[in-house]
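A.B. asks:
Number of protein chains: 4
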Amino acid sequence: MKESKLSFASDYMEGAHPEILRRLAETNTCKSAGYGLDMYSKSAREKIRAVCRAPEADVFFLTGGTQTNAVMIDALLRSYQGVIAAETGHISVHEAGAIEFGGHKVLTLPQYEGKLRAADIARCVDTWREDANRDHMVMPGMVYLSHPTECGTLYSLQELTEISSVCRDNQIPLYLDGARLAYALACPKNDVKLPDLAALCDAFYIGGTKCGALFGEALVIPRHNLVPQLFTIIKQHGALLAKGFVAGIQFETLFTDGLYFSIGQTAIDAADRIRAALQERGYRLAWDAPTNQIFVVLEKKQAAALSERIEMSFWENTDETHTIMRIATSWATRPEDVERLIACL
Amino acid sequence: MKESKLSFASDYMEGAHPEILRRLAETNTCKSAGYGLDMYSKSAREKIRAVCRAPEADVFFLTGGTQTNAVMIDALLRSYQGVIAAETGHISVHEAGAIEFGGHKVLTLPQYEGKLRAADIARCVDTWREDANRDHMVMPGMVYLSHPTECGTLYSLQELTEISSVCRDNQIPLYLDGARLAYALACPKNDVKLPDLAALCDAFYIGGTKCGALFGEALVIPRHNLVPQLFTIIKQHGALLAKGFVAGIQFETLFTDGLYFSIGQTAIDAADRIRAALQERGYRLAWDAPTNQIFVVLEKKQAAALSERIEMSFWENTDETHTIMRIATSWATRPEDVERLIACL
Amino acid sequence: MKESKLSFASDYMEGAHPEILRRLAETNTCKSAGYGLDMYSKSAREKIRAVCRAPEADVFFLTGGTQTNAVMIDALLRSYQGVIAAETGHISVHEAGAIEFGGHKVLTLPQYEGKLRAADIARCVDTWREDANRDHMVMPGMVYLSHPTECGTLYSLQELTEISSVCRDNQIPLYLDGARLAYALACPKNDVKLPDLAALCDAFYIGGTKCGALFGEALVIPRHNLVPQLFTIIKQHGALLAKGFVAGIQFETLFTDGLYFSIGQTAIDAADRIRAALQERGYRLAWDAPTNQIFVVLEKKQAAALSERIEMSFWENTDETHTIMRIATSWATRPEDVERLIACL
Amino acid sequence: MKESKLSFASDYMEGAHPEILRRLAETNTCKSAGYGLDMYSKSAREKIRAVCRAPEADVFFLTGGTQTNAVMIDALLRSYQGVIAAETGHISVHEAGAIEFGGHKVLTLPQYEGKLRAADIARCVDTWREDANRDHMVMPGMVYLSHPTECGTLYSLQELTEISSVCRDNQIPLYLDGARLAYALACPKNDVKLPDLAALCDAFYIGGTKCGALFGEALVIPRHNLVPQLFTIIKQHGALLAKGFVAGIQFETLFTDGLYFSIGQTAIDAADRIRAALQERGYRLAWDAPTNQIFVVLEKKQAAALSERIEMSFWENTDETHTIMRIATSWATRPEDVERLIACL
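Chains as they are written, first to last, in our numbering: chain Y, 1 to 345; chain H, 346 to 690; chain U, 691 to 1035; chain G, 1036 to 1380.
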């Protein structure tokens, strides 16, 4: 049975943190208002505002990452604007054209281990501005980042501050995709905290689906009413949950007693343990990814052999004989599975 | 506290049927493939195919009704086509322009207690076809129905067969929104069964959100591959769940041991009891709605007084002094709350 | 040969006013900048600003009416807003879903001989605002009128002022489609002048295609920069002419020596002559349309007989035995053809 | 006065070929049916079918290139598909996001002097097909080429045949943008004839705007009814001309007595003369562009000095001190202006 194999294929393979299930059961027969107007969602919003030190923030709970990206990009851009993203960005590659479906071009820039550079963003905007044909071209209208990136890497606070600064100098909003944010926050190398995101970004989302919830992403817009009628935009995108309280309860739980911060720790500890074991055994890591995703370069034969025993994700072929495989840990990774994996190496 | 008031405001105020919560807890630590490729979703699809007697059907699990409608309408129409719907249809009024966001006009027809008539559909298509300017007009490209309708009414099998027949004669697909389908299936007056839907519709969805699930709708397309790449279309709409198994587990549970059929019974029994009590006491029902929604005509003063004690939904004002209020029961309605409500009348 | 038949089928059957052809020939070998940055377009803009008494107005030249409507509606609305129009409005019926293609719902209101009423608009906006579910509904975001209307009727200055007032009270823009504006301006019953349009509307277009040009509509936005980057929006819609000067030359000519005002006179004189003849002979006019379109009620047999000799437009059947036919005159209608038509009656 | 300067800035600076103006004047008072149903358009279609040896072809006349591209790409793709284009392709860079406005991603591939390579296209499609995540990605759905390219270069018949072959093997349509097609057809190095385009492409357009018409592009679809309801799609895009006959007359003229073939000759002769003079004088051409566009590498000072006397187009900076300027000839370029330009070198 596929599900019983030792699997490190992704971080969205289990249900929810037990505390979330407990709260869902506990509140199951209470009657709540629909569409996020319930008291759990209200409480979750307050907790998120507090932890982000963004007392005026608008907070919405959506179902998934592609949806949240599409809604927010559509909400922030005018029709003739595009969104700047790394060429490896999730919106550039793996969202099936959801951004274009909303009418917008993704303006791709080079990536450095999954990250954008402030200087490249500045050059992109300047190039557009100085082009005699700029009125025939898509105007750069916002910047999309992810933290951690698709490559498991992290922006430093310094890097993020520089990018934010370029955005503000050019009056274009900065939006950050935090699908795996818990794994950044738990990482010792990370120096970007939630209040930093609230201070530096115009919008960002705190990932739930990959970080301990059954589903759900918390979209945070530090400046109240930056986007008027966002509720309606969410509805128009088919992204408004009738039972919004199911998401509200989950985020209320994640932000009670610091669960969102501790939940990532398990994943990082497991990933660090695996990274150390890989390096001890002479495996080569594709790049320095310090979060819950490990990218290991394997000979194809070796990859095939290991894949018999451990489910990993294929990332890409680097040459005729080598391939990069991704090992992902999560909040639910069990120490015994980590040891079994290491024993296979 | 708002949530503690006696509430019959809607049918999406509680969590999930306890059996669903039990199964979510039971499977919580199992590792499942993402995006609906897991074994629970597979099993749920098989169960739905069996109960619909549609062995070749494509089945997808989405999050909510507006989303499912937008995805399927977008998938079935070409850019220059519109969707025929009742002027009271959910897509016509209460989806914030989600259909137009996808580029399509909603072609509204008169409604009769929420229902479309086959003859009106035929006339609409014929009128377009015979219009000398038809190539300058939106072509009717599909029909949207809901069962039960927004008004709580039901199509008879005869009516649905006639509509299906008009659609097939004109080679336009018929799509049915079953957000509250459990409440139709449990209603003694209903003679439209799941195999009838599979035989008469080109696509329909079996509602979960309002019928006992935490969230989720099961989109059923009886003819395999009617829409190629529907998975990608769903992704592009931001409607693909990473943890598809969370929806799969819920629908597998709803279609085990006939739960989806029994779950509606509680709501119908409660609604019948309330309808009888209302009529005994001389209240006037706005129209004959035999499912879980009751539409009662009240004097405005009376409505205000009752609303102090019972949360209902405002539907519409019929004249200066009267208003229609909606009382909704659900799978979770408790007999003691029904008796308390009746005592208030 | 179809083209040689006595034809009153429409007002876009001939080429351009001879003075326009003369100017196109005269300037043919001059080199002009592209995309409307040429001196003819500049001069045409100045002339239009002067005649509209709107010295700050932005003026763009587009190719056709549907295109201009789609561009401007898309430019003025946010994604979640719709445009209010008469149910007979061109955008509601005869633009093949161009407005929905841009993502917007057309919110139709009743028409009175093709016209909207201020009170209906106010009620529509108020109804939305007072609806508890308004955030799930399409927000009325602008108003679309045509003058003359599709029915050949005219708004009085009083009516237009009232509508403008409702729009301003509700902070929603008013846009006016002037496809046949020359025929309003030349009509004795018309009391709406170009400066009135500039004062009362947020945007409007002065029709060229049906009023003496080979093609072209002049979009006028009295308040400068009301829509930033409109040039790019026009380009994105595929509506930017590379040889913008070809449109510029035409509008410069139309607004030199009052040509646009005299050009409509021929059509109105012809239409008045035909209307008088019809009434003398006992024909019934469908409604009081004082511009270049005449709507006459005919028995179907009579309509068929007349159609043998005169090409008219079918408008609609009023009952089993009667039909409304449209007779359209234009700037190019010849007196001898009017007399031949009258002789046929 | 800007217009009097010696200008080689572009090929859309003059009006129309005198024969076109003559025919417009000659037919000006004839009454024609609207929307392309007139006899001139019919005749033009027949002439184009004949010269393309495509007797069943659908032919439509649109206003401009961006519009034609947007319409045809939208017509050929399903929502989840994208269009493959060179990274320098007009749709990739200079159409203000018109393709994304229609909901589609432009999938860019490397360019070689403006051209795509068959092997790159094949690899792009194969890569998508073999990607485990392909259902989360935009499917390559068609190929966009231009001939001549934006860089003034030409596909050989061999190259075009290879690309067509890749497209047919993969069942994705091939579309060719012929904005400057007359300048390819008149070029001695060109071996791609109109019947080749009809045989190898699924759709292409014959450019009028830059090739002697006031405006207009002739969209040719060799296989009849490849796109059902294309008329309506054109209307929905705001691209349907009410006075379609104005375009029809122009294309009828361009395809009478071989005008479209001779019209390009003037431009090519002038460009060849300038290229020879440049090379004699030691100027460096940026690449080998044999059509009506000449790309010359200049020192920035030299470029500035020359620009005082000759209007050219800025193309791009190649390094700190050099720039590429474009010199464009057209059907209207006068020999004396060529000599004046050469004298300035």
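Think of the CB as a built atom: it goes at the ideal place given N, C-alpha and C, for glycine as much as any other residue.
1. Whole angstroms is fine: what's the gap from E311(Y)'s alpha carbon to L200(Y)'s?
2. In whole angstroms, what is the alpha-carbon distance linking A1324(G) and D120(Y)?
3. Excluding the 5 residues flanking Q983(U) on each side, which residues of the same chain have their C-beta closer than 7 Å to its C-beta?
4. The alpha helix (DSSP H) spanning N170(Y) covers which residue range?
5. For a test of the three-state rule: what should DSSP assign to V428(H), helix, strand or coil?
6. Verify the CB distance criterion: does N133(Y) have a CB-CB separation below 8 Å to chain G?
7. For T758(U), which residues from the same chain have a beta carbon less than 7 Å from its beta carbon, with the 5 sequence-adjacent residues on both sides left out?
8. Tell me the DSSP secondary structure of D288(Y) in three-state form.
9. For K567(H), which residues in the same chain have their Cβ closer than 6 Å to its Cβ, ignoring the five residues on either side in sequence?
10. Once you ignore the five residues that flank S1365(G) on each side, which residues in its own chain have a CB closer than 6 Å to its CB?
11. Use the C-beta contact count for R361(Y): other C-beta atoms within 10 angstroms, 16 or more gives buried, fewer gives exposed.
12. Between the Cα of K900(U) and those of K925(U), L944(U), Q848(U), C857(U), spot the shortest distance and give me the residue it belongs to.
13. Helix, strand or coil: how does DSSP classify D728(U) here?
14. What ranges does the beta strand (DSSP E) occupy inside the stretch 777-836 of chain U, keeping only unbroken runs of at least 3 residues that lie completely in it?
15. Just to confirm the assignment, what range does the alpha helix (DSSP H) spanning S952(U) have?
16. By DSSP, does M358(H) sit in helix, in strand, or in coil?
17. Mind checking who F1349(G) pairs with in its DSSP beta bridge?
18. Starting from D541(H) and walking both ways along the alpha helix (DSSP H), at which residues does that stretch end?
19. I want to know whether the stretch 922-937 of chain U touches the stretch 1270-1284 of chain G - three or more CB-CB distances under 8 Å.
20. What does F1004(U) touch in chain H if you count any residue whose Cβ is under 7 Å from its own?
21. List, in chain order, every chain H residue whose beta-carbon is nearer than 9 Å to that of H784(U).
22. Need the endpoints of the alpha helix (DSSP H) that F1286(G) sits in, please.
23. DSSP three-state call for A213(Y): helix, strand or coil?
24. Under 8 Å between the Cβ atoms of L643(H) and L630(H)?
25. Write down the C-beta distance between V833(U) and I774(U) rounded to the nearest angstrom, noting that I regard them as a contact closer than 8 Å.
26. List, in order along the chain, the chain G residues whose C-beta lies closer than 7 Å to that of L387(H)?
27. In terms of residue numbering, what span does the alpha helix (DSSP H) encompassing G868(U) cover?
28. Does the beta carbon of K925(U) sit closer than 8 Å to a beta carbon anywhere in chain Y?
29. Based on the DSSP secondary-structure assignment, which residues constitute the bridge partners of S1042(G)?
30. Which chain Y residues are close to F935(U), counting only those with a beta carbon under 8 Å from its beta carbon?
31. State yes or no: is the C-beta of Q456(H) within less than 8 Å of the C-beta of T433(H)?
32. Which residues bound the alpha helix (DSSP H) around Q236(Y)?
33. Count the other CB atoms within 10 Å of the CB of P540(H); is the residue buried (16 or more) or exposed (fewer)?
34. Report yes if the CB atom of E1049(G) is closer than 8 Å to the CB atom of N718(U), and no otherwise.
35. Listing by chain order, which chain U residues have their CB less than 8 Å from the CB of Y1047(G)?
36. Measuring alpha carbon to alpha carbon, tell me which residue in Q955(U), V796(U), F791(U) is nearest A872(U).
C.D. replies: For this structure:
1. If you number the first sequence from 1, residue 311(Y) lands on position 311. If you number the first sequence from 1, residue 200(Y) lands on position 200. Their backbone Cα atoms lie some 38 Å apart in a straight line.
2. For the purposes of this step, residue 1324(G) is identified with residue 289 of the fourth sequence, where counting begins at 1. For the purposes of this step, residue 120(Y) is identified with residue 120 of the first sequence, where counting begins at 1. Approximately 31 Å between the Cα atoms of the pair.
3. For the purposes of this step, residue 983(U) is taken as the residue at position 293 of the third sequence. Counting only Cβ-Cβ distances below 7 Å, and skipping sequence neighbours, we find G842, R1016, A1018.
4. The sequence position of residue 170(Y) within the first sequence is 170, counting from 1. Run containing N170(Y): none; DSSP gives neither H nor E here.
5. In the second sequence, the residue the question calls residue 428(H) occupies position 83. Strand at V428(H).
6. The count along the first sequence starts at 1 and reaches residue 133(Y) at position 133. It does: the Cβ of N133(Y) has a partner Cβ on chain G nearer than 8 Å.
7. Sequence index remark: in the third sequence, residue 758(U) carries index 68 (1-based). Around T758(U): L752, Y895, E907, L909.
8. Counting from one through the first sequence, the residue named residue 288(Y) turns up at place 288. Coil.
9. To locate residue 567(H), count along the second sequence from 1; it is residue 222. Rather than Lys, the amino acid found at residue 567(H) in this sequence is Pro. Correct list, in chain order: A399, A402, A543.
10. As a working note, residue 1365(G) is residue 330 in the fourth sequence. Here the set comprises D1046, A1302.
11. Nothing about residue 361(Y) can be read from this structure; chain Y reaches only from 1 to 345.
12. As a working note, residue 900(U) is residue 210 in the third sequence. Nearest C-alpha to K900(U): L944(U).
13. By one-based count along the third sequence, residue 728(U) stands at place 38. Residue state, collapsed to three classes: coil.
14. 796-799, 829-836
15. Here residue 952(U) is taken as the residue at index 262 of the third sequence, counted from 1. Counting along the chain, the alpha helix (DSSP H) containing S952(U) begins and ends at 949-970.
16. Locating residue 358(H) in the second sequence gives position 13, where the first residue counts as 1. Looking at M358(H) - three-state DSSP - the assignment turns out to be coil, as it is neither helix nor strand.
17. The count along the fourth sequence starts at 1 and reaches residue 1349(G) at position 314. Its beta-bridge partners are M1360(G).
18. Working through the second sequence from its first residue, we reach residue 541(H) at position 196. Where D541(H) is concerned, the enclosing alpha helix (DSSP H) stretches over 539-545.
19. yes
20. Along the third sequence, one-based indexing puts residue 1004(U) at 314. Here the neighbours are A477.
21. Reading the third sequence from its first residue, position 94 is the one you call residue 784(U). Chain H residues near H784(U): N478, H481, M482.
22. What you label residue 1286(G) is simply residue 251 of the fourth sequence in a count that begins at 1. Counting along the chain, the alpha helix (DSSP H) containing F1286(G) begins and ends at 1279-1289.
23. Looking up residue 213(Y) in the first sequence gives position 213. A213(Y): coil per DSSP, three-state reduction.
24. Counting from one through the second sequence, the residue named residue 643(H) turns up at place 298. Counting from one through the second sequence, the residue named residue 630(H) turns up at place 285. Going by C-beta atoms, L643(H) is not nearer than 8 Å to L630(H).
25. Numbered from 1 along the third sequence, position 143 holds the residue referred to as residue 833(U). Numbered from 1 along the third sequence, position 84 holds the residue referred to as residue 774(U). About 5 Å separates the two Cβ atoms, so the contact holds.
26. Here residue 387(H) refers to the residue found at position 42 when the second sequence is read from its first residue. For clarity, residue 387(H) is Lys in the given sequence; the question names Leu instead. Near K387(H) there are no residues of chain G at all, since even the closest Cβ is about 16 Å away, more than 7 Å.
27. Within the third sequence, the letter at position 178 stands for residue 868(U). Premise fails: G868(U) lies in the beta strand (DSSP E), 864-868, not in any alpha helix (DSSP H).
28. Counting from 1 along the third sequence, the entry for residue 925(U) is found at position 235. So, interface residue.
29. What you label residue 1042(G) is simply residue 7 of the fourth sequence in a count that begins at 1. E1346(G), per the DSSP bridge assignment.
30. Counting from one through the third sequence, the residue named residue 935(U) turns up at place 245. Within chain Y, no residue comes near F935(U); the closest Cβ sits about 17 Å away, beyond 8 Å.
31. What you label residue 456(H) is simply residue 111 of the second sequence in a count that begins at 1. What you label residue 433(H) is simply residue 88 of the second sequence in a count that begins at 1. Going by C-beta atoms, Q456(H) is nearer than 8 Å to T433(H).
32. Sequence index remark: in the first sequence, residue 236(Y) carries index 236 (1-based). From DSSP, the alpha helix (DSSP H) with Q236(Y) extends over 230-236.
33. Taking the first residue of the second sequence as 1, we reach residue 540(H) at position 195. That one is exposed.
34. As a working note, residue 1049(G) is residue 14 in the fourth sequence. As a working note, residue 718(U) is residue 28 in the third sequence. Taking 8 Å as the Cβ cut-off, E1049(G) and N718(U) qualify as a contacting pair.
35. To locate residue 1047(G), count along the fourth sequence from 1; it is residue 12. Within 8 Å Cβ-Cβ: G724, A932, K933.
36. Residue mapping note: residue 872(U) aligns to position 182 of the third sequence, counting from 1. It is Q955(U) whose Cα lies nearest to the Cα of A872(U).
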